[in-house]
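Below is one structure, written out as structure tokens; comments come after it.
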Amino acid sequence: MADAGSSAKRAKLAVDERDEVATVDVIARVKSGANISGLDAYRALYDSSLKDSDEFWREHATRFVSWARTFDEVCGGTFADGDVRWFAGGKLNVCYNCVDRHIPTKGDEVAIVHEGDEVGSVTTYTYKDVQREVSRIANVLKSFGVRKGDNVAVYMPMMAELAFVMLACARIGAVHSVVFAGFSSESLRDRINDARCKVVVTADEGRRGGRTIPLKHTVDMAVAMCPTVEAVLVYERTHADIKYSSKDHKLTPLLEAARPFCPCEEMDAEDPLFLLYTSGSTGKPKGLLHTTGGYLVYAAITHYFTFDYRPGDVYACVADCGWITGHSYIVYGPLCNGATTLMFESTPLYPDHTRYWDLIQRHRITQFYTAPTAIRSLMRFSNDAMAKFDLTSLRVLGTVGEPINPEAWRWYYDFVGKRSCSIVDTYWQTETGGHVVSPLPGCTPLKPGSATLPFFGVETALMDGDGAEITGNSVSGVLCIKRPWPGMARTINGDHARFMVTYFGAYPGYYFTGDGAFRDKDGYIWITGRVDDVLNVSGHRLGSAEIESALIEHEFVAESAVIGCPHDTKGQGICCYVVLTADAVESSDLLAELRLQVRTTIGPFATPDYIIATPGLPKTRSGKIMRRVLRKIIAQETDSLGDVSTLADPSVVDILIEKANEAI
Ligand code: ATP
Ligand code: MG
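For my numbering, count along the sequence shown from 1 and bump the result up by 14.
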């Protein structure tokens, strides 16, 4: 490994164009009364969060969370030993913190506003209502033998009941594993089996964008191959006439009969809270485990500062609870802070492209949190329709999931926020539990396209190709984090060795994010993209390996390589290169069949944009596919293929170019 000084020099870029971007500092609606105000205040608190880390986290853990027993230690363990722990000795219950403790002061205030698929189909739940509904489902789960430490799979549409189930698990100490309801039965099956779930909670059908989603049917196909599942509990979302077998139980009568109070189980700070599977860029999906105390503190403190949450706000994150964003910023963070949180069942384009604006106007939303892909799909429409809506309640606009291109940022800032709202481009991951790099409204001067500065307690580092840290500014490298933070995942379910290799193997002593970044002259962080092989299609994460294995299952596919390709609205599209078996005959029917195979194996959101049959793939002599070459070819950047001399058979490149040109 080279010493830091010399590698820093090598890695130093000529001044990146991002260094030229000016800051934007008009955040009028945020300025008065913000939770923290001014860059100096941020810097002072940030410095103290690193310098007196224990003190900082002790103070904030007690401020944001109620403990049944206070902790003995703030942080223990190390990255190297893989035994990081926070608030050891502390006892608490997450559901108590998100619901019960608010009841004396705000029992009749709205905790959850649910907006259904149809415009204006609104249901509100006060904190008292939530306590009652959560208790009922908690008691039902208990009646099916679910106990502290048991894993429960949740495959539900964005009904308010999805949040109730998550909170009910937390209440009784069970571990939920929410699987996004767009996943296929095979993906669901693998996740249920990996976590050895005992109970699955689902709904008869879902409704989204005017369409019906046959959830129970998908669960039936999955559960047929899940030996650990003892019961399937079914909410009636549409009351469709579906098949119920002996393992299946309608929840309506059970909930009616259930007691409306269930006590909260006292949990250790490091007891598991939930499992959440990421898309799994390297094959088998990873079931990341988050624990109780650190996760809750981190979700609450980040929600409070990043969104400048204030009492009286109507906070809306329009993500799905199937992703980490829904866990931390629809359910746990906002409810721990006693907020009113909105759950949205529909899509930005249903019934038309003004749905978000109507939603903001009707609910007087103060913070609105969505993904760049949604913003890009809306900016295609004329702004005239949007101008008819009153969006003046907004104070903070958030984005998450992928880098936001400056054009989309500008549109969000100018037209949605009317140049009066702070944009928070929040960078984080399933593994980080909460935001790790993000502007704070009222504090951080903004730069379109930059996630700006690290959150309190998060010490970022950029690493070079030799594994050394790059110092100074105006530099690019791989983004790592240098010390534990409370919200970090603790392991991968059933595979701690994989956890260690994936996150702590590349740069010993550092947490490896898998993303590249540029640190500009002001120390601002710009995420430049993944250094691994994951696709981001309309905000959905897909591991290339997952799609490749779906293709390989087809009898006429010998080999495949899947890469992302530029796509105007989806962010990334899916391009699949396949090598057919010798006895296969290439035809449009066969390619259509392969496309369908991916769609049914993984889910409609994974439908490939291109399937290109080729006699071979560009491989190095050691057998590794050169994905960079495949990416350049489909992006039609063939004049910058780079060095292909290490390819075992460079002639394959010309064939690939020809094939790709035919396909585009
Ligand atoms: P897997 O870990 O299986 O590959 P995934 O990384 O797609 O799945 P998530 O944890 O949902 O799953 O996504 C985190 C990733 O999303 C980050 O590592 C980063 O690449 C991207 N990302 C999230 N927010 C931002 C942002 N504000 N700016 C740039 N990239 C972002
Ligand atoms: Mg990831």
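Backbone N, C-alpha and C define an ideal beta-carbon position, used for all residues, glycine too.
Original post:
Would you say the beta carbon of TYR591 comes nearer than 6 angstroms to a heavy atom of the ligand ATP?
Top reply: Start at 1 with the first residue of the sequence shown, and residue 591 comes out as number 577. No.
**OP:** Please state whether DSSP places ALA55 in a helix, a strand or coil.
**Re:** Against the sequence shown, residue 55 aligns to sequence position 41. DSSP places ALA55 in helix when its eight states are reduced to three.
Subject >> Contact check, ALA330 vs GLY307, beta carbons under 7 angstroms >> reply: Numbered from its first residue, the sequence shown carries residue 330 at position 316. Numbered from its first residue, the sequence shown carries residue 307 at position 293. No, they are not a contact pair.
Original post:
Just the Cα atoms here: how many angstroms apart are GLU147 and VAL124?
Top reply: On the sequence shown, residue 147 is found 133 positions in, with the first residue counted as 1. On the sequence shown, residue 124 is found 110 positions in, with the first residue counted as 1. C-alpha separation (whole angstroms): 14 angstroms.
Original post:
Is the distance from the Cβ of ALA75 to the Cβ of VAL311 below 7 angstroms?
Top reply: Position 61 of the sequence shown, counted from the first residue, corresponds to residue 75. Position 297 of the sequence shown, counted from the first residue, corresponds to residue 311. In this structure, VAL311 lies closer than 7 angstroms to ALA75 by Cβ.
**OP:** Answer yes or no: the CB of ILE541 versus the heavy atoms of the ligand ATP, is any distance below 6 angstroms?
**Re:** To locate residue 541, count along the sequence shown from 1; it is residue 527. Yes, the Cβ of ILE541 comes within 6 angstroms of a heavy atom of the ligand ATP.
**OP:** Return helix, strand or coil for GLN650, following the three-state DSSP convention.
**Re:** Here the question's residue 650 lines up with position 636 in the sequence shown. Correct three-state label for GLN650: coil.
**OP:** Count the other CB atoms, across all protein chains shown, that sit within 10 Å of the CB of LYS402; report buried if there are 16 or more and exposed otherwise.
**Re:** Looking up residue 402 in the sequence shown gives position 388. LYS402 is exposed by the Cβ-count criterion.
Original post:
So which of TRP371, LYS120 and CYS278 has the shortest CA-CA distance to CYS183?
Top reply: Within the sequence shown, residue 183 is the residue found at index 169, counting from 1. Residue CYS278 is the option with its Cα nearest to CYS183.
**OP:** Report the residue from ARG185, PHE470 and HIS116 whose alpha carbon sits nearest the alpha carbon of ASN153.
**Re:** Against the sequence shown, residue 153 aligns to sequence position 139. Of the listed residues, the one whose Cα sits closest to ASN153 is ARG185.
Original post:
Starting from LYS142 and walking both ways along the alpha helix (DSSP H), at which residues does that stretch end?
Top reply: Position 128 of the sequence shown, counting from 1, holds the residue named residue 142. Element bounds for LYS142: 141-157.
Original post:
Within 6 angstroms: the Cβ of ASP439 and any heavy atom of the ligand ATP?
Top reply: Counting from 1 along the sequence shown, the entry for residue 439 is found at position 425. Yes, the Cβ of ASP439 comes within 6 angstroms of a heavy atom of the ligand ATP.
Original post:
How would you call ASN675, buried or exposed, if buried means at least 16 neighbouring beta carbons within 10 angstroms?
Top reply: Your numbering for residue 675 matches position 661 in the sequence shown. So ASN675 counts as exposed.
**OP:** Classify SER574 as helix, strand or coil using the three-state DSSP reduction.
**Re:** Taking the first residue of the sequence shown as 1, we reach residue 574 at position 560. Strand.
**OP:** Go through the stretch 310-347 residue by residue and report every complete run of the beta strand (DSSP E) that reaches 3 residues or more, in order.
**Re:** 328-331
Subject >> DSSP bridge partner residues for TYR624 (one or two, in chain order) >> reply: Position 610 of the sequence shown, counted from the start, is the residue given in the question as residue 624. DSSP, once it has assigned bridges, lists CYS589 as partnering TYR624.
Original post:
Three or more beta-carbon pairs under 8 angstroms between the stretch 413-432 and the stretch 378-389, yes or no?
Top reply: yes
Original post:
VAL599 to HIS581, Cα distance in whole Å?
Top reply: Here the question's residue 599 lines up with position 585 in the sequence shown. Here the question's residue 581 lines up with position 567 in the sequence shown. So the two alpha carbons sit approximately 29 angstroms from each other.
Original post:
Which partner residues does ALA82 have in the DSSP bridge list?
Top reply: As a working note, residue 82 is residue 68 in the sequence shown. Answer is none; ALA82 lacks a bridge partner.
Original post:
DSSP state of LEU565, grouped into three classes?
Top reply: Taking the first residue of the sequence shown as 1, we reach residue 565 at position 551. It is helical.
Original post:
Who sits around the ligand MG, taking every residue whose Cβ is closer than 6 angstroms to one of its heavy atoms?
Top reply: THR292, GLN443 and GLY528
Original post:
Taking the C-alpha atoms as reference points, what is the distance between VAL612 and ASP623?
Top reply: If you number the sequence shown from 1, residue 612 lands on position 598. If you number the sequence shown from 1, residue 623 lands on position 609. Going from the Cα of VAL612 to the Cα of ASP623 covers about 11 angstroms.
Subject >> Inter-stretch contact (C-beta, 8 angstroms, three-pair minimum) for the stretch 31-39 and the stretch 446-466 >> reply: yes
**OP:** Inspect the beta-carbon positions of HIS367 and PRO348 and report whether they are closer than 7 angstroms.
**Re:** As a position in the sequence shown, residue 367 is number 353, starting the count at 1. As a position in the sequence shown, residue 348 is number 334, starting the count at 1. Contact flag unset, no.
Original post:
Nearest to ALA195 by CA position, among SER67, ILE227, ARG273 and GLU567, is which residue?
Top reply: Here the question's residue 195 lines up with position 181 in the sequence shown. For ALA195, the nearest C-alpha among the options comes from ILE227.
Original post:
Could you give the distance in angstroms between the alpha-carbon of LYS673 and the alpha-carbon of CYS590?
Top reply: Position 659 of the sequence shown, counting from 1, holds the residue named residue 673. Position 576 of the sequence shown, counting from 1, holds the residue named residue 590. So the two alpha carbons sit approximately 12 angstroms from each other.
Original post:
Between which two residues does the beta strand (DSSP E) harbouring LEU303 extend?
Top reply: Translated into positions along the sequence shown, residue 303 becomes position 289. Taken as a continuous stretch (DSSP letters only), the beta strand (DSSP E) holding LEU303 covers 301-305.
**OP:** Check each candidate in LYS45, THR527, ALA620 and TYR525 and name the one with the smallest Cα separation from SER563.
**Re:** Locating residue 563 in the sequence shown gives position 549, counting from the first residue. Closest by alpha carbon: ALA620.
Subject >> Closest residue to SER157 among LEU268, ARG43, VAL79 and ARG222 (Cα-Cα distance) >> reply: Here residue 157 refers to the residue found at position 143 when the sequence shown is read from its first residue. Selected option, being the one with the closest Cα: LEU268.
**OP:** For the stretch 97-116 and the stretch 80-88, state whether three or more C-beta atom pairs, one from each stretch, are separated by less than 8 angstroms.
**Re:** yes
Original post:
Are ASN507 and ALA209 close, meaning C-beta to C-beta below 7 angstroms?
Top reply: Working through the sequence shown from its first residue, we reach residue 507 at position 493. Working through the sequence shown from its first residue, we reach residue 209 at position 195. Taking 7 angstroms as the Cβ cut-off, ASN507 and ALA209 qualify as a contacting pair.
Subject >> Stretch-stretch touch, CB-based, cutoff 8 angstroms, three pairs: the stretch 429-442 with the stretch 511-518 >> reply: no
Original post:
With a cut-off of 8 angstroms, do at least 3 Cβ pairs link the stretch 354-361 to the stretch 121-136?
Top reply: yes
Subject >> For ALA572 and VAL667, the rounded distance between their alpha carbons >> reply: Stepping through the sequence shown from its first residue, residue 667 is reached at position 653. Stepping through the sequence shown from its first residue, residue 572 is reached at position 558. One C-alpha to the other measures close to 19 angstroms.
Original post:
Using the rule of at least 16 other Cβ atoms within 10 Å of the residue's Cβ for burial, across every protein chain shown, is TYR258 buried or exposed?
Top reply: As a first step, residue 258 must be located in the sequence shown, where it is residue number 244. Result: exposed.
**OP:** Label ILE678 either buried or exposed according to how many other C-beta atoms from any shown protein chain fall within 10 Å of its C-beta, with 16 as the threshold for buried.
**Re:** The residue you call residue 678 lines up with position 664 of the sequence shown. It counts as exposed.
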